[in-house]
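Enquirer: In this note's numbering, the protein residues as written are 7 to 217. Ideal Cβ placement from N, Cα and C applies to all residues, glycine included. On a predicted model such as this, the values are computed, not experimentally measured, just so you know.
(1) Assuming residue 19 is part of the beta strand (DSSP E), what are its boundary residues?
(2) Between which two residues does the beta strand (DSSP E) holding residue 12 run?
(3) In chain order, what residues of the same chain have a beta carbon less than 7 angstroms from the beta carbon of residue 63, not counting five sequence neighbours either side?
(4) Using three-state DSSP, classify residue 34 as helix, strand or coil.
(5) Identify whether residue 27 lies in helix, strand or coil by the three-state DSSP scheme.
(6) Within its chain, find whatever has a CB closer than 6 angstroms to the CB of residue 178; leave out the 5 residues flanking it on each side and keep chain order.
(7) Between residue 93 and residue 81, what straight-line distance do the alpha-carbon atoms span, to the nearest angstrom?
(8) According to the Cβ coordinates, are residue 147 and residue 160 closer than 8 angstroms?
(9) Within a Cβ cutoff of 7 angstroms, which residues of the same chain sit near residue 184, ignoring the five residues on either side of it in sequence?
(10) Please state if the CB of residue 77 and the CB of residue 96 are separated by a distance shorter than 8 angstroms.
(11) Tell me the DSSP secondary structure of residue 54 in three-state form.
(12) Comparing the C-beta of residue 84 with each C-beta of chain B, is any distance below 8 angstroms?
(13) What's the gap between the Cα of residue 205 and the Cα of residue 135?
(14) For residue 42, name the three-state secondary structure that DSSP assigns.
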C-alpha cells in the first residue's frame with residue numbers, strides 16, 4: 007500500500023523517498039518533491055514552459071565548455087535571434103558559490119559593524135550609569151574613605167560593579183539571541199547556529215570597550 011500525497015488539491019502516489027541531504031544556505035534539500043516534468047508543468051504549475059534546467063558535468067574542468075555548449079544549444083533549438091541572446095543565462099556552481107560567498111561576506115561585515123556599534127553604545131551607556139552612580143553615592147565614598155578605604159579600593163568596587171552589569175547584560179543578550187535563533191530554525195526553517203567563538207569574542211570586546 008503506497009501513500010498518497012496531495013499537492014494543490016491533486017492526489018499523487020508516493021513511489022519512493024529520497025535520502026536526507028540537509029539544508030544548504032536558505033534551501034532545505036529535504037523538502038523537495040520530484041514529479042514527472044509534464045505533470046509538474048501542466049497540472050501543478052499550470053505552465054507551458056520550463057523556468058530553468060540543471061545540467062550535471064562529470065569533469066569539473068569541462069564546466070565552462072559545457073556551459074557555452076548548453077547556451078548555444080538552447081539558442082539554436084529555440085531560434086533565438088542574435089539581439090536576444092542575452093536573455094539566456096547559463097551559470098555554473100562556481101559563479102553561484104562566488105556570489106553567495108560575496109553576499110555572506112557583505113552580511114558578515116554589516117552584522118559586525120552593527121555589533122561593534124551596539125557594543126560601543128552599550129559601553130557609553132554603562133559609563134554614564136556608573137558616572138551617575140558615583141555622583142549619587144558621594145556620601146558612601148566619603149564614609150568609606152573616612153574609615154580607611156583608599157582610592158584603589160573605591161575604584162575596584164565600581165569596576166567590579168560595572169563588570170557585573172556587563173556580564174548580566176551579556177548573558178541576557180546571549181540567551182535572547184539563542185532564543186531568536188532557535189525560533190527561526192523551528193518556525194522559519196532557517197539553518198541557524200549559535201557559535202561559542204562569537205560569544206567569547208563579543209564578551210571580550212565588550213570588556214575591552216567598557217574598560
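Expert: With the structure as the only source:
(1) Taken as a continuous stretch (DSSP letters only), the beta strand (DSSP E) holding residue 19 covers 16-19.
(2) Residues 10-13.
(3) A distance below 7 angstroms between beta-carbons, with the five flanking residues on each side excluded, links residue 63 to the following residues of its chain, in chain order: 69, 72.
(4) DSSP places residue 34 in the strand class (E or B) of the three-state scheme.
(5) Taken through DSSP and simplified to helix, strand or coil, residue 27 comes out as coil.
(6) In its own chain, leaving out the 5 sequence neighbours on each side, no residue places its CB closer than 6 angstroms to the CB of residue 178.
(7) Residue 93 and residue 81: Cα-Cα distance of roughly 10 angstroms.
(8) Annotated as proximal: residue 147 and residue 160, with beta-carbon spacing under 8 angstroms.
(9) Cβ within range, chain order: 200.
(10) Taking 8 angstroms as the cut-off, the beta carbon of residue 96 is found closer than this to the beta carbon of residue 77.
(11) Three-state DSSP puts residue 54 in coil, outside helix and strand.
(12) The structure shown contains no chain B; it holds only a single protein chain.
(13) Rounded to whole angstroms, residue 205 to residue 135 spans 24 angstroms at the Cα level.
(14) Judged by DSSP in its simplified three-state form, residue 42 adopts coil rather than helix or strand.
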